[in-house]
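Visitor: Numbering (the numbering used here), first residue to last: 206 to 517.
Heads up, the beta-carbon is just placed ideally off N, CA and C, and yes, glycines get one too.
Since the model is a prediction, treat every value here as computed from it, not as a measurement.
Before I ask anything, let me first share the structure, which is written out below as structure tokens.
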């Protein structure tokens with residue numbers, strides 16, 4: 206779960222006045238190459254959900270992006286009171302990260318978009334490379350705290366799932382660490398992620414989980430976020446998500462190891478900030494008590510190091 210501070214500047218929505226297309230919005234956005242002038246983007250689906258931090262209804266519209274443009278968020282932003290609302294395009298890339306305080310926050314030109322990791326994970330798991338995600342607010346709704354509802358929306362939109370082919374490999378091992386937490390990236394024959402969770406609570410304790418790209422995506426996509434009930438009570442979210450009490454979990458778990466599987470989901474979502482689908486990388490990622498901060502640090506290190514493009 207996340208602190209509400211990075212998202213507290215949510216603007217009042219103007220969702221009833223949204224255009225049926227994003228042509229005007231994109232033509233005035235700071236990234237003019239997001240789509241060629243005069244081209245209409247195909248709407249895949251719309252979704253409305255409660256904002257975790259803003260506690261406002263947030264509308265999300267997901268459009269099929271232009272090939273080779275990657276994934277970007279289109280966010281409404283007002284610099285100061287009385288200023289006109291601008292449309293800011295924020296690329297889903299590590300260079301856009303402005304905060305990793307218990308969720309990933311992307312930003313550009315003063316605009317912010319929070320809780321991006323689950324929808325990015327869902328898009329990558331479904332094999333989608335190019336999207337424009339238009340958001341009437343400063344956060345992505347968390348739904349039930351998993352990525353499964355985003356996957357259902359992609360499926361219902363008619364987009365067929367594609368499994369990315371291995372296109373990249375690590376040039377050499379890469380390690381990031383902070384105190385007793387670390388993430389190790391190793392060259393491998395195929396993509397996989399592993400996570401060690403270590404909570405001083407009898408319902409969790411110390412546990413490993415592992416997932417590789419050829420396993421069912423539901424094994425990580427269905428895993429919901431969780432946090433202490435005391436934290437959720439402060440935000441008034443105890444009824445929305447899985448919370449951890451002194452006695453155990455507030456809701457039945459979907460998997461015995463659901464908490465650590467959700468950590469895998471977060472790691473996978475953060476790896477999409479490489480700007481390519483993680484499933485296309487022949488590498489093993491091992492996280493020991495890691496989190497968003499180390500995830501992004503690792504991604505930036507890999508980007509600096511570069512990836513090897515595979516032949517064929």
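Can residue 326 and residue 481 be called in contact, C-beta distance under 9 Å?
Guide: Here residue 326 refers to the residue found at position 121 of the chain shown. Here residue 481 refers to the residue found at position 276 of the chain shown. For residue 326 and residue 481, no; Cβs fall outside 9 Å.
Visitor: Residue 413 bridges to which residues according to DSSP?
Guide: As a first step, residue 413 must be located in the chain shown, where it is residue number 208. Residue 413 is bridged to 401.
Visitor: When you compare only the Cα positions, how much space is there between residue 468 and residue 275?
Guide: Sequence index remark: in the chain shown, residue 468 carries index 263 (1-based). Sequence index remark: in the chain shown, residue 275 carries index 70 (1-based). So the alpha carbons of these two residues sit roughly 24 Å apart.
Visitor: Check whether the Cβ atoms of residue 396 and residue 484 lie closer than 9 Å to each other.
Guide: Within the chain shown, numbered from 1, the residue matching residue 396 stands at position 191. Within the chain shown, numbered from 1, the residue matching residue 484 stands at position 279. Cβ distance < 9 Å, so residue 396 and residue 484 count as in contact.
Visitor: Identify, in the order they occur along the chain, each residue of the same chain with its Cβ nearer than 6 Å to the Cβ of residue 226, setting aside the five sequence neighbours on each side.
Guide: By 1-based counting over the chain shown, the position of residue 226 is 21. Because residue 226 carries a pLDDT of 30, less than 50, the predicted location of this residue cannot be relied on, and no value is offered for it.
Visitor: How many angstroms separate the CA atom of residue 430 from the CA atom of residue 451?
Guide: Start at 1 with the first residue of the chain shown, and residue 430 comes out as number 225. Start at 1 with the first residue of the chain shown, and residue 451 comes out as number 246. One C-alpha to the other measures close to 18 Å.
Visitor: Taking just the CA atoms, how far does residue 359 sit from residue 222?
Guide: Within the chain shown, the letter at position 17 stands for residue 222. Within the chain shown, the letter at position 154 stands for residue 359. Confidence is the limiting factor: at residue 222 the pLDDT is only 31, short of 50, which leaves the residue's position unreliable, though a coordinate-based value still follows. Those two C-alpha atoms are separated by around 25 Å.
Visitor: Can you give me the C-alpha to C-alpha distance between residue 362 and residue 323, rounded to a whole angstrom?
Guide: Here residue 362 refers to the residue found at position 157 when the chain shown is read from its first residue. Here residue 323 refers to the residue found at position 118 when the chain shown is read from its first residue. Distance between the alpha carbons of residue 362 and residue 323: 18 Å.
Visitor: Of the choices 454, 259 and 506, whose alpha-carbon is the least far from that of residue 341?
Guide: Position 136 of the chain shown, counted from the start, is the residue given in the question as residue 341. Of 454, 259 and 506, the smallest CA-CA separation from residue 341 is found for 259.
Visitor: Is it a yes or a no for the segment 394 to 410 touching the segment 498 to 509, going by three-plus beta-carbon pairs under 8 Å?
Guide: no
Visitor: Start and end of the alpha helix (DSSP H) containing residue 361?
Guide: Position 156 of the chain shown, counting from 1, holds the residue named residue 361. First-last of the alpha helix (DSSP H) with residue 361: 353 to 361.
Visitor: Give the straight-line distance between the Cα atoms of residue 474 and residue 455, rounded to the nearest whole angstrom.
Guide: As a working mapping, residue 474 is identified with position 269 in the chain shown. As a working mapping, residue 455 is identified with position 250 in the chain shown. One C-alpha to the other measures close to 25 Å.
Visitor: Compute the distance between the beta-carbons of residue 477 and residue 297, then report whether it is under 9 Å.
Guide: Taking the first residue of the chain shown as 1, we reach residue 477 at position 272. Taking the first residue of the chain shown as 1, we reach residue 297 at position 92. Yes, the Cβ-Cβ distance between residue 477 and residue 297 is below 9 Å.
Visitor: Let's test the definition: count the other Cβ atoms within 10 Å of the Cβ of residue 385 and tell me whether it reaches 16, buried, or not, exposed.
Guide: Within the chain shown, the letter at position 180 stands for residue 385. The residue in question, residue 385, is exposed, as its Cβ has fewer than 16 Cβ neighbours within 10 Å.
Visitor: Classify residue 264 as helix, strand or coil using the three-state DSSP reduction.
Guide: By 1-based counting over the chain shown, the position of residue 264 is 59. Residue 264: strand per DSSP, three-state reduction.
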